[in-house]
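Chains as they are written, first to last, in this note's numbering: chain A, 6 to 245; chain B, -8 to 171. Glycine is no exception: its CB is placed at the ideal position from the N, C-alpha and C atoms. The structure appears below as structure tokens.
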Amino acid sequence: MTDDQIEGFIESMLEDRAPKEFVATREDTGLLRVAIELRAVPSECAWPDEEFVLSLHQRLAGITDAGAELVPFPPGMSHRHAVAGRPRAWSSHRRSKRKEPRALAAVGKAAAAAFLVAGTFGATQLAGGHSQGASPQRVAAANTVRSGELLAADGRQLGETYAYRANPSWVFMSVQNSGLVGTYICELHLANGNNVMAGVLVAYNGSGDWAHTVNVDVSGLHSATLENSSGEVVATATFS
Amino acid sequence: MRTVPNEADAVRLGPLDESVYPDWDSAYLDNVGRLYRLMYLKVGNRADAEDLTSEVFRAALGPLRLTASKGEVRAYLLATARTVLAAHWQRRLGLEVTHIDPDIEFDYLASPAPESDAGPRAEKILAALPGHYRRILELRFLEGCSVKESATALAISVSNAKVLQFRALRMAARVAEELE
């Protein structure tokens, strides 16, 4: 890391902006850490804006609204049971959208993936915070979607992944009855040999899903993997 | 560092609040402020703290069940936050600068009015620095002065103020390491 990069990091931080990405060296982490410590001292900076709290609240509620199918249901529970078991305040939003999943069955899996990814727009936009230019779309042409089955080392299918070409592009991963529990790193592998860590998938009772914008050319994707905390690849999908 | 939250995390954290949240709104509102604050302490800027707080809730929303106790909900949020923060640093700088230790941070997340040790610790760090190093860091980090304003206050050039700040942070980093 150069002095300019450190200076840029600190200036961004002091202006409450996200510092730019760069490759840091281990010897500089102490300096950056103490800068963060000092920055966090003024207590008025360390509490969230009311606007942010309300906005996030609304958008999280939107996940169970527009993205109903993205919420994994505990094994053995039907969709109806899961909706009935939802907290009242948010489940009421979902009931009005119950017709949408049935409509999806007619447009095929690829288009359905595009729908699901688009359906998470509100949630993942806030998660990434960098997809302001995106426009949600309900159905995408098949050639804008690439997909692959997430397979364990023994060949067992754990789930699937979809990449959706748009501006920005999206990647969606889902596992069901996979035996996975906890948090897994989602990594994309490009045909040119580069790897991109795209996000985190949280699996509960074997099921979980994740969607996010990605700054890669979807046509250049080769495969996607899920890695556990030890860096071990637990699932691999090759995009077709 | 990559971590997988599991039951062992909850066990390791000791006794948890066994009461439950009546609805998701309560769970969210009870934790969002403290989780944001924790993230802010780890990244030092509002933009990243908001993004990471959002990411934690987004990731935890599906797996979390309201039948879980408050303590379990907090433990899961914390475990998710640990992973989200680690991924953030990996993306941003390629290595981990700060991390979340569930053993230490759980009490912070569970406290109604959490107090961090950032203030007292910063005082110790600054007190160990030579006067001009301490002053530049106070001006920049505690008093919110720009480089130019700090340079004026110290009667030095802007470029010298930048050099002074850099050297002061280097020394502060060494002091901070000795305090741990």
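- If I'm right that ILE127/B touches ALA152/B with Cβ under 8 angstroms, what's the distance once you round it to whole angstroms? Counted from its first residue, the second sequence places residue 127/B at position 136. Counted from its first residue, the second sequence places residue 152/B at position 161. Contact holds; Cβ gap of about 7 angstroms.
- Task: Starting from the Cα of SER179/A, find the closest Cα among ALA157/A, GLU192/A and SER212/A and give me that residue.
- Result: Taking the first residue of the first sequence as position 1, residue 179/A is located at position 174. When only C-alpha atoms are compared, the closest one is SER212/A.
- Applying the criterion that 16 or more other CB atoms from any shown protein chain within 10 Å of the CB defines a buried residue, is ASP9/A buried or exposed? Residue numbering aside, residue 9/A sits at position 4 when the first sequence is read from its first letter. By the 10 Å Cβ count, ASP9/A comes out exposed.
- Buried or exposed: VAL28/A, going by 16 or more other Cβ atoms within 10 Å of its Cβ? Position 23 of the first sequence, counted from the start, is the residue given in the question as residue 28/A. Residue environment for VAL28/A: exposed (fewer than 16 other C-beta atoms within 10 angstroms of its C-beta).
- Message: I'd like to know if PHE126/A contacts chain B, where contact means its C-beta is closer than 8 angstroms to some C-beta of that chain.
- Response: Locating residue 126/A in the first sequence gives position 121, where the first residue counts as 1. Summary for PHE126/A: the model assigns pLDDT 30, below 50, so the residue's position carries little reliability; its value from the coordinates is reported in the next sentence. Closer than 8 angstroms: no.
- Message: Please report the distance separating the alpha-carbon of ASP14/B from that of VAL64/B.
- Response: Start at 1 with the first residue of the second sequence, and residue 14/B comes out as number 23. Start at 1 with the first residue of the second sequence, and residue 64/B comes out as number 73. Those two C-alpha atoms are separated by around 12 angstroms.
- Beta-carbon gap between ARG170/A and PHE244/A smaller than 8 angstroms: Position 165 of the first sequence holds residue 170/A. Position 239 of the first sequence holds residue 244/A. No.
- Item | Short Cβ contact (8 angstroms threshold) for ALA242/A with LEU155/A | Numbered from 1 along the first sequence, position 237 holds the residue referred to as residue 242/A. Numbered from 1 along the first sequence, position 150 holds the residue referred to as residue 155/A. Contact flag set, yes.
- Query: Along chain B, which residues have their Cβ under 9 angstroms away from the Cβ of ARG161/A?
  - Reply: Along the first sequence, one-based indexing puts residue 161/A at 156. In chain order: nothing, as chain B lies at least about 20 angstroms away.
- Message: Could you check whether the Cβ of GLY13/A sits closer than 8 angstroms to any Cβ belonging to chain B?
- Response: Reading the first sequence from its first residue, position 8 is the one you call residue 13/A. Cβ-Cβ to chain B under 8 angstroms: no for GLY13/A.
- So ALA38/B packs on ARG22/A, CB below 8 angstroms; how close in whole Å? The count along the second sequence starts at 1 and reaches residue 38/B at position 47. The count along the first sequence starts at 1 and reaches residue 22/A at position 17. That pair is a contact at about 6 angstroms.
- Query: According to DSSP, is GLN81/B helix, strand or coil?
  - Reply: Numbered from its first residue, the second sequence carries residue 81/B at position 90. If DSSP states are grouped into helix, strand and coil, GLN81/B belongs with the helices.
- Query: Run through DSSP, which three-state label would TYR167/A get?
  - Reply: Looking up residue 167/A in the first sequence gives position 162. Strand at TYR167/A.
- Query: So what's ALA203/A in DSSP terms, helix, strand or just coil?
  - Reply: As a working note, residue 203/A is residue 198 in the first sequence. Three-state DSSP puts ALA203/A in a strand.
- Query: Does ALA51/A have its Cβ less than 8 angstroms from a Cβ in chain B?
  - Reply: Reading the first sequence from its first residue, position 46 is the one you call residue 51/A. Chain B, which has a Cβ nearer than 8 angstroms to the Cβ of ALA51/A, makes this yes.
- Task: Say whether chain A places a C-beta atom closer than 8 angstroms to the C-beta of ASP21/B.
- Result: Your numbering for residue 21/B matches position 30 in the second sequence. Proximity of ASP21/B to chain A, defined by a Cβ-Cβ separation below 8 angstroms, is not satisfied.
- Message: Please identify the residue among ASP16/B, LEU57/B, LYS33/B and ASN36/B whose C-alpha is closest to the C-alpha of VAL58/A.
- Response: Start at 1 with the first residue of the first sequence, and residue 58/A comes out as number 53. Among ASP16/B, LEU57/B, LYS33/B and ASN36/B, the Cα nearest to that of VAL58/A is on ASP16/B.
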